[in-house]
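Residue numbers (the working numbering), protein chains in the order written: chain A, 1 to 710; chain B, 1001 to 1506; chain C, 2001 to 2298.
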Amino acid sequence: MRLVFLAVLAVACAGGLLAPHDPAAVVGPAWAPPGAAVPLGTDALGRDVLSRVLAGGLALTLVAALATACACAVGLGWGLVAGWTGRAGTVVADVLLAVPFLVLALLFAVTLPGWAAVVVGTICGGAPLTMRVVRDLTGQARTTGYVEAALGIGESTVAVLGREVLPSIARYAVADAALRFVVALQLASALALLGFGPQPPAPDWGLMLRENLPGAALNPAGLLAPAVALAVLSLAVAIAGHGAVASPRPPRPAAGDSARAPDPGLTVTGLSVVDSAGRSLLSDFSLRVAPGEVVALVGPSGAGKTTAVRAALDALDDGAVRVAGTVRWQGEPVRPGRAARRWRRARVGFLDQDPAGTLDPRHTVARTLGADGMAVLAELGVDPSVYGPRLPHTLSGGQARRVALARALAGAPAVLVLDEPTSGLDPDAVDRVVRAIAADPDRVTVLISHDRAAVARIADRVLTIGADAAPRTAARTRSRSVHDEVLVVDGLRVRRAATVVLDGVDFRVAAGEMVAVVGESGAGKSTLLRALVGLVRPEAGEIRLGGRALPPAVRDRDRADLRAVQFLAQDPAAALNPAHTVRTALARPLRRLPRHAARAQVPGLLARVGLPPDIADRRPRGLSGGQRQRVALARALAADPAVLLADEPTAALDHATAADVLDLLDDLRDTGLAVVVATHDPAVAVRADRIVRIAAGALTDDRSEPTCVP
Amino acid sequence: MNRHHTVSRGVAMFAALALAAGCVSGADPAGSGAPSDTLRYVAVGAAASATNDPHGGILNQSDLVRFALTYDVLAKPGADGETELRLAESITPDAALTHWTVRLRTDATFTDGQPVAAADVLFSLRRLHTKSAENFGRMQMFDLDAAKVVDQHTVELVTTKPYAEVPRALESVTFVVPDATTDFTKPVVGSGPFRMTGGTPEAAVLERNDRWWGSAPALRRVEIRAVADPQARAQAVLSGQADVAASVNPATAKQVDGNAEFAVVHREAITLYPFVMRLDQPPFDDNRVRAAVKLAADREALVDKVFLGYGRTGNDLITPADPSSPDLPARTRDLDRARQLLADAGHADGLTLTLHTTTSYPGMDTAALLFAEQLGEIGIDVEVKTAPPDTYWTEVWGKEAFYVGFFGGIPFLDVARVSLLSGGPTNETGWQRPDWDAGFDAALATADPAERTRMLGALQTTLRDEGGYLVWGAGDGLDLTRTGVDGLPTGPGFESSFIERTRLTA
Amino acid sequence: MPRLLARSALVLAAVAVLVFLATALLPTDAARARTGGRAGAADLAALRAELGLDRPLWTRIAGWATGLVRGDLGTSLVSGRPVADLLGARLPATLALMAAAALVAVPLLLVGAWAAGRRPRTAAPVLVAVAAVPQVVVAAGLVAVFAGALRWFPAVSFVPVSGSVWDRPSSLVLPAVALAVPAAAFGAGLLGGAVADALALPHVRAARVRGLPEPLILVRHVLPRLVPASLRVTTLVAAGMLASSALVETVFGYAGLGELLVGAVSTGDSPVVQAIAVLSGAVVVVCLAVADVAARSR
């Protein structure tokens, strides 16, 4: 495709070299129809139309390209600024839109030279369009986790705009440039039609339109040829724009094997999955689940558990394709495509690993679930009357997970596929979930989980995918000497949407100490951490770092402060910029070093968190949940912080990896890092030096045994 | 003078005629099925300039035609070039040719019943004079303060100098309106063969005025519509939505050639795109250069390409259709002589010139391009510059040294008055010849018509040989009609606006 | 809400001033147009004074503005006819054309946007190519095929002298399509990006996993998100159609405001240009305000 674009561009610019006649030479009578010597006939003066078309694109293409570049640049810059600062600045855009374009175009045409009029006109007509959409996208990007993370490590606004926001909207911008090109071309030909463009006898497509219009009935080719040329050029530019950013075409899916086997339940045979680049993600996976049976898939993160279940459901995305294998339900094959979709809708309940994103942000919980779902939700321990009218972004992670689970359970599906159903839930909630899963005796249930205890309780069979290191049960004991306090919190009060979540919180962390913050879902653990890092502004109270008061808002903190307190969000997917490779993401905090030195550190950082070095070239889309979490941790560590605030750091990790991470944190604590962890995981709480509990807005030390966190 | 609407030309180039040749066929069967006494006439004009004021600037041909139908003029140009009296029964001078008695018809009445009186005529002429800036000083030769009403049907006019051609001066836009009319924002009553019964100035409905003094027109009803785009006008006739389209492109005429359902009415030799050279700017201040340029033109080729053959070659006479235009041997292309003249003038190694043109009228730019090539053959290197139509007539025309001008069937006297006399408002060639002025005045003071014609002819001959106008050809005005439309006027200039003799035979 | 009104009023005022300045800066003025450039300098000056063109700019625009407040749109500098009459005669025809064009454009826009969002690699370039065909050629092509060859519709769209355009609705079809197709193609290209983004949202992808059929996803998840974007794109498309209506009206001989605007700009007839500009500007401003209100209420 790229070749086609280049070929068209070459002809447009240098076609004059191919012209059979001199474009300005008279070769016959005026408006002669196509013939032997003149394949497209002659024009108003008797000149060869074909030659003129071939030679007529250069000036137009150059001017249109220049105009497009200017309009896109102006629109992008304007949109970025408008979206970031939130200030409208759109009055000018609206005025430009409301003025009759004819008046503006004529004004430019008479006061500026032809090409400048096209450039200015395209900016006036095209930049406001680009500005509006870029502004919206920037506004959205501003609130994402990765932008927050970037701000959190002290990036300046300009750097954030340039390095974080711009790449994520680049996809749109490039595809959109084609439309600005069309505006420029239309404007250029319109001006040529009015007599403002290039002078005769220059061959120019716009000029040809004007010259050949009167005789279009005598030789239509004189009018059609430049028009077709304009369309083809725009087509080529548009294809190039869209093709440049789309992913390469994935391989075709295999048909399946259609031999019948009359077994009831779900039978998956020989599934193989490759990604869009052809790498194998899953190889010859088979699974049989009888009705009433619960099968758990376990294994290290990244091994392919989620891929396997999604492949079975024919719900793969991001370019991954199932290339072999069959899926049968009640003996009948489920073909990929429409049949699979119908089967999913009718029979399957699915819980995604990252449930918060799967809830429609504009629908309340009640609307998303419906009456049946609300009943299930109550069983899962979330009060429907309180949470029914809420929107998803006001729910805590655990609550959102339970809402999504309720949606999956509602409608009594015959097949239930759950990816990490108990992750991030407190023990009471875990109980309820386990009960709900086991409720239907005929249901086929497939479960993916790192939670060994829950798996032990529910699963009839456990299938291991990928090598699984022996779980470490012994917690490493370390002698700990008390160091100086590095973080002190006094009297913190924080509101979340008009309700007071934390009130009068006093909290101290010493260097080298690990403090676990526990509490029910929604109690305020995440809020506390976000307040400490400066992303939520407390209403009252003071935070001191190393004796110095920390400004409550992240933008008021200086570089050193920002680096000193690092935050690991609960949602690893949103914390990484989808447009950046892992290498870029890790090199960012190392900006103080020269570039190659920073990038040289990347393998070391990856090794610290237990990731292989080839991960560095992947984008977040190509990583599993656990891998993303570790990359985020590596990024936080790259800033060399004094305090690490982690929100459910081990939620998406399997046991072995979680233990590795905790070991790593132990090592870091030896060097003086203070760690505050909000968690439900008892394995994490066990390792902490201290446990504090948040309940009813207050923070209290929890002196009970770590292993029995109630 | 028939001046087509210049201002919409830029957008008027947006045409929509891409019918494949030969696909054009007859009238739309589901069309309006016009009865045979209604003429649907599509004229040149734009809505923005449509006006109800017959004495001011008339930018639209549609307005001109409508005024010609709804008002009486004192006299009109006849088809043979002679003056045809209308409202004036007689126009007689005194011996000095300064006091003219105009006797009016007694049977003319306005459509509101009031008779047309001398006071109305004088009021109209005076109004025409106050608006002389907009109508090229039509009444400039008169001293209208000294004019007076002699009786109910007689006006005495006084000219500032002896002026033998007063009838010709009055055969123009001397539309007669009732005395003391002040509001011209709405249509004003007239006494012409038709009266306006509905519509707007840009889409008017006229019906026959049974009170008119002349012989009753065959048409009962006329619809005049102003359409700026020549292709749209042609399309109207081709698709059966109109009967006549004024001023279509030569390409359209070629397209319907041989098609029995349509006809093209030729108004011969009225469109001129002269190449204008300013005498007061070098190198054209030397007559040898001007003569060389005139000799270098391949007039046949120009007429072929610009008018597609619909026209005739020109002899550098400024108003070939005028009765006073002399009959001279045609100027032929003589490249050797041209080169010789150039060398004599000191430009043996060539000249570099800029020729300005625009797109207001179809073919103007084509003419310039072609001529540039032709001049190349005698060693003159010409760069063609196209200016946009909106700015051309204000910034290029009459100012630059070498450009393409326009005349549209205007009589010689008007051209002289406006562009050739030393004191004229727009002397586009810088022609300042007191002896020529004197000759002009003398001609106009000559009572004998034959002698006068000869003298005027001599003036034009001088202009041809020494002036700055290269008139290489004159194109026909082309009106597209469906078959069965007869009697459309074919004369030059103002005569073509009088369409009341048209009749529909099918 | 009051802020929105204030802002809209500000935009409209800016439009009026900008258009006035632009018209004043154009080389032609009404006096020159009326005399055809063949009048002497003294006569030209006298005519200018009579038309009020020799007053300073700010006086002229203040005069126009006070007239507007009183409800007087002024008189044409070229023909002397009241501007209100000129506009009033042509407004119904323009409204009819715009309505017809919108009727054609909106479904095309939605279909095109959906196609561009679902298959950006193939559909979006095609839309761009369609939008790139010069309007002149679109109109000419429509005439050639539907009026010339097939004879389904008339080749020119004269508004009947007595009566309205609705007496002959078939004459609206070709101009409406000529207006709508390039505008819809362009708008669909713009909206396609928003559709593609909506389809890539996690909860929309999750809805697909849950097995919802495409039309349901479209209606329940994509369309509601698109309302602010589509309102804005519709405004853009409407503004674009207003701009290209001048061309289409000229080509089809349609007696609408676009043709009037072109003529008025060419002759420097300020009051007419101002009136049309303010009118079309007001339409655009209202559409923008509606789009902003919709966006804000999300």
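All C-beta atoms, glycine included, are put in the ideal place defined by N, C-alpha and C. Values in this document were obtained by computation on a predicted structure and should not be read as measured data.
Taking a beta-carbon distance threshold of 9 Å, Lys1399(B) does not count as an interface residue toward chain A. Per DSSP, Tyr1041(B) is one residue of the beta strand (DSSP E) stretching across 1038-1044.
Going by DSSP, Ala2131(C) is part of no beta strand (DSSP E) but of the alpha helix (DSSP H) stretching over 2123-2132.
Chain-ordered, the chain B residues with CB closer than 8 Å to the CB of Ala109(A) read Pro1388.
Cβ neighbours of Trp343(A) within its own chain (closer than 6 Å, five residues either side excluded): Val334. Per DSSP, the unbroken beta strand (DSSP E) holding Gln566(A) starts and ends at 565-568.
Against chain B, the CB of Arg210(A) has a partner CB under 9 Å away; the residue lies at that interface. When CB distances to chain A are screened at a threshold of 9 Å, the residues of the stretch 1237-1253 of chain B falling below it are Asn1249, Pro1250, Ala1251, Thr1252, in chain order.
In the three-state DSSP reduction, Phe1494(B) falls in the helix class (H, G or I). Within chain A, the C-beta atoms nearer than 8 Å to that of Thr1391(B) come from Val110, in chain order. For the stretch 2138-2159 of chain C, residues whose beta-carbon sits nearer than 8 Å to a beta-carbon of chain B comprise Ala2139, Ala2140, Gly2141, Val2143, Ala2144, Ala2147, Gly2148, Ala2149, Arg2151, Pro2154, Ala2155, Val2156, Phe2158, Val2159.
Less than 9 Å divides the Cβ of Arg2232(C) from the Cβ of Leu2288(C). By a beta-carbon distance limit of 8 Å, Ala69(A) does not contact Ala190(A). Their separation comes to about 20 Å. Here Lys305(A) is buried: its Cβ has 16 or more other Cβ atoms, across all protein chains shown, within 10 Å. Along the stretch 20-32 of chain A, the positions whose C-beta sits under 7 Å from a C-beta of chain B are Ala30, Trp31, read in chain order.
Within the stretch 1366-1390 of chain B, the residues whose Cβ lies closer than 9 Å to any Cβ of chain A are, in chain order, Thr1366, Ala1368, Leu1369, Leu1370, Ala1372, Glu1373, Glu1383, Val1384, Lys1385, Thr1386, Ala1387, Pro1388, Pro1389, Asp1390.
Under a 10 Å Cβ-count criterion, His393(A) is classified as exposed, with fewer than 16 other Cβ atoms of the shown protein chains found around its own Cβ. Residues of the same chain with a CB within less than 8 Å of the CB of Asp1285(B), apart from the 5 flanking positions on each side, are Leu1279 in chain order. Under the three-state reduction of DSSP output, Glu1223(B) falls in the strand class. The C-beta of Ala1447(B) has fewer than 16 other C-beta atoms within 10 Å across all chains shown, which makes the residue exposed. Secondary structure within the stretch 290-361 of chain A: the alpha helix (DSSP H) runs of 4 or more consecutive residues, fully enclosed, are 305-313, 338-347 (chain order). Look at Phe567(A): its C-beta is not under 9 Å from any C-beta on chain C.
Only Leu2026, Pro2027, Thr2028 from the stretch 2014-2030 of chain C bring a Cβ to less than 8 Å from some Cβ of chain B. Close to Ala2093(C), with beta-carbon spacing below 7 Å, lies no residue of chain A; the smallest spacing is near 17 Å.
Around the beta carbon of His2203(C), a 10 Å sphere encloses 16 or more other beta carbons of the protein chains shown; the residue is thus reported as buried. Tyr2254(C): not part of any beta strand (DSSP E); DSSP gives it neither H nor E.
Burial state of Leu224(A) is buried, judged by a 10 Å Cβ sphere holding 16 or more other Cβ atoms.
At the C-beta level, Ala1164(B) and Ala1458(B) stay beyond 9 Å of one another.
For the C-beta of Thr1446(B), not a single chain C residue is nearer than 7 Å; the gap to the nearest is close to 27 Å.
By the C-beta criterion, the stretch 404-418 of chain A is judged to be in contact with the stretch 373-391 of chain A, since at least 3 inter-stretch pairs fall below 8 Å. Following the DSSP letters along the chain, one finds Pro1449(B) in no beta strand (DSSP E) but inside the alpha helix (DSSP H) bounded by residues 1449-1466. Uninterrupted alpha helix (DSSP H) stretches at least 4 residues long and entirely within the stretch 1384-1457 of chain B occur at 1412-1415, 1434-1444, given in chain order. For Gly57(A), no CB of chain B lies under 9 Å from its own CB, so it is not counted at the interface with that chain. Counted as a single uninterrupted DSSP element, the beta strand (DSSP E) harbouring His1099(B) occupies residues 1099-1104. With a cutoff of 9 Å on beta-carbon distance, Ala1330(B) and Ala1292(B) are scored as not near each other.
Not flagged as an interface residue toward chain A: Leu1335(B), since no C-beta distance is shorter than 9 Å.
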